[in-house]
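Chains as they are written, first to last, in the working numbering: chain A, 1 to 143; chain B, 144 to 286; chain C, 287 to 429.
Using N, Cα and C, we set each Cβ at its ideal position, and we do this for glycine too.
What you are looking at is a predicted structure, and each value in this text was computed from that prediction instead of being measured.
Read through the structure below, which is laid out as structure tokens, and then see the notes.
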């Protein structure tokens, strides 16, 4: 299978908390990084998500917010992955920014050109990828 | 009303499952296609969503993931609509890919240029549009 | 802190409704505008979200749907902010549209070029920014 989502992160389910409609799934990405995903309870059952299950977490680049500098704000987004900008490609309206995490994983974000300028995004700059838990798609290998 | 969402799919509510904050709504798109949406319970009540209610499902093109080839993964995204690529328009950073479903409905996705290359997306190629249930906006005609 | 989200709206929490996994948070933006956000219950607790708490609401431009003309549809999206188009910048595939609200706040949306043409989006045109509650990230000042 090939998939258009730029971000395909491999990990292992560490915890599942089920609600009435949705479930919150915690994924250990290794190297100390954690990702939280909100999926429907039906998906959770179909995919048999449980602690120890290997999963891939898919996140489209336009769903990633990029943050730089001292954080004066605490954000509701569960996923805030700190790393270093490794690439910036600018288009007419948008730009793609790649952040490399300490463990080597890469997160691509599509942001506006203005954001690249305002945040001074360039290779070597420290930056954090912010991802809402409800924007993470989980996948498991077919049995 | 005109709306910027590229994907406006007509259907009929087939089931509603209410939680404490959200509700899961199943929509029959006809021709065998089903769509699942997560909306707030307040919306569900306001729009009087119930089986048999005609609705439109709105999905922005950047919220659609495109998948090709044999699927070795089961995904948590509730909506996986299989069809054929009917158009690809490439920009500087992004590209718009249109997938036509067997019933004739079209789904537009914005993906990165790299994804178009990696997945070999071109007219005639089989592809699946993957849409998270929490990314679907529902609309009903005003009384 | 600098953040790539184009839309950073300041307001005050007016109500919180907790579910099993998620919570619905109402934010008063002033000038009569209200915003609803769905965040995880864990975030709600971490950020100590309660009525009276000042917050910022972050929304990425690709998550905003633009609507024009008489609305024949009621939408499930909780947030429908009516204003006037103040700027349009067009790229190869996408365009950025800025809507200024009556109270002066600005909402930027990334839409396709086709949508700009079909909706006749240009400075001075009345338009509504539609935002799903699950697409809003909340932030609070660090103590």
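Just the C-alpha distance for residue i and residue j, rounded to the nearest angstrom, thanks.
| i | j | result |
| --- | --- | --- |
| residue 204 of chain B | residue 249 of chain B | 11 Å |
| residue 238 of chain B | residue 326 of chain C | 32 Å |
| residue 180 of chain B | residue 367 of chain C | 22 Å |
| residue 398 of chain C | residue 219 of chain B | 27 Å |
| residue 17 of chain A | residue 299 of chain C | 26 Å |
| residue 79 of chain A | residue 413 of chain C | 32 Å |
| residue 315 of chain C | residue 415 of chain C | 15 Å |
| residue 195 of chain B | residue 101 of chain A | 48 Å |
| residue 91 of chain A | residue 232 of chain B | 15 Å |
| residue 121 of chain A | residue 342 of chain C | 23 Å |
| residue 246 of chain B | residue 169 of chain B | 18 Å |
| residue 240 of chain B | residue 336 of chain C | 43 Å |
| residue 85 of chain A | residue 360 of chain C | 42 Å |
| residue 331 of chain C | residue 426 of chain C | 12 Å |
| residue 212 of chain B | residue 135 of chain A | 23 Å |
| residue 230 of chain B | residue 33 of chain A | 38 Å |
Please compile the residues from chain A whose C-beta is within a distance smaller than 9 Å of the C-beta of residue i.
| i | result |
| --- | --- |
| residue 427 of chain C | 72, 73 and 74 |
What residues of chain C sit near residue i, judged by a beta carbon separation below 8 Å?
| i | result |
| --- | --- |
| residue 119 of chain A | 288, 289 and 290 |
| residue 91 of chain A | 377 and 378 |
| residue 291 of chain B | Lying outside 144 to 286, the shown extent of chain B, residue 291 of chain B is not represented and no answer is given. |
Nearest chain B C-beta to residue i closer than 8 Å, yes or no?
| i | result |
| --- | --- |
| residue 28 of chain A | no |
| residue 391 of chain C | no |
| residue 490 of chain C | A query on residue 490 of chain C cannot be resolved here, the shown segment of chain C reaching from 287 to 429 and no further. |
| residue 86 of chain A | no |
| residue 410 of chain C | no |
| residue 20 of chain A | yes |
| residue 401 of chain C | yes |
I'd like to know whether the C-beta of residue i is nearer than 8 Å to at least one C-beta of chain C.
| i | result |
| --- | --- |
| residue 14 of chain A | no |
| residue 281 of chain B | yes |
| residue 287 of chain B | Residue 287 of chain B is absent from the model: chain B starts at 144 and stops at 286. |
| residue 242 of chain B | no |
Output yes if chain A places a C-beta closer than 8 Å to the C-beta of residue i; else output no.
| i | result |
| --- | --- |
| residue 347 of chain C | yes |
| residue 188 of chain B | no |
| residue 220 of chain B | yes |
If the cut is a Cβ gap below 7 Å, which residues of chain A does residue i touch?
| i | result |
| --- | --- |
| residue 150 of chain B | Chain A residues near residue 150 of chain B: none, gap ~15 Å exceeds 7 Å. |
| residue 254 of chain B | 4 |
Chain B partners of residue i, CB-CB under 7 Å?
| i | result |
| --- | --- |
| residue 310 of chain C | 164 and 183 |
| residue 419 of chain C | 183 |
What does residue i touch in chain C if you count any residue whose Cβ is under 7 Å from its own?
| i | result |
| --- | --- |
| residue 50 of chain A | Near residue 50 of chain A there are no residues of chain C at all, since even the closest Cβ is about 17 Å away, more than 7 Å. |
Below 8 Å, how does it come out for the stretch 144-151 of chain B and the stretch 55-65 of chain A: are there three or more Cβ pairs, yes or no? no
Stretch pair the stretch 21-31 of chain A + the stretch 158-169 of chain B: three plus CB contacts closer than 8 Å: yes
Residues, ordered as in the chain, of the stretch 315-327 of chain C that lie near chain D by beta-carbon distance below 9 Å: In the displayed structure, chain D is absent; the protein chains listed are A, B and C.
Can you give, in chain order, each stretch of the beta strand (DSSP E) that sits fully within the stretch 58-100 of chain A and has at least 3 residues? 65-68, 73-75, 79-90 and 94-100
Alpha helix (DSSP H) segments (min. 4 residues) lying fully within the stretch 315-343 of chain C: 327-332
Ranges of the alpha helix (DSSP H) found wholly within the stretch 252-277 of chain B, counting only runs of at least 4: 256-262
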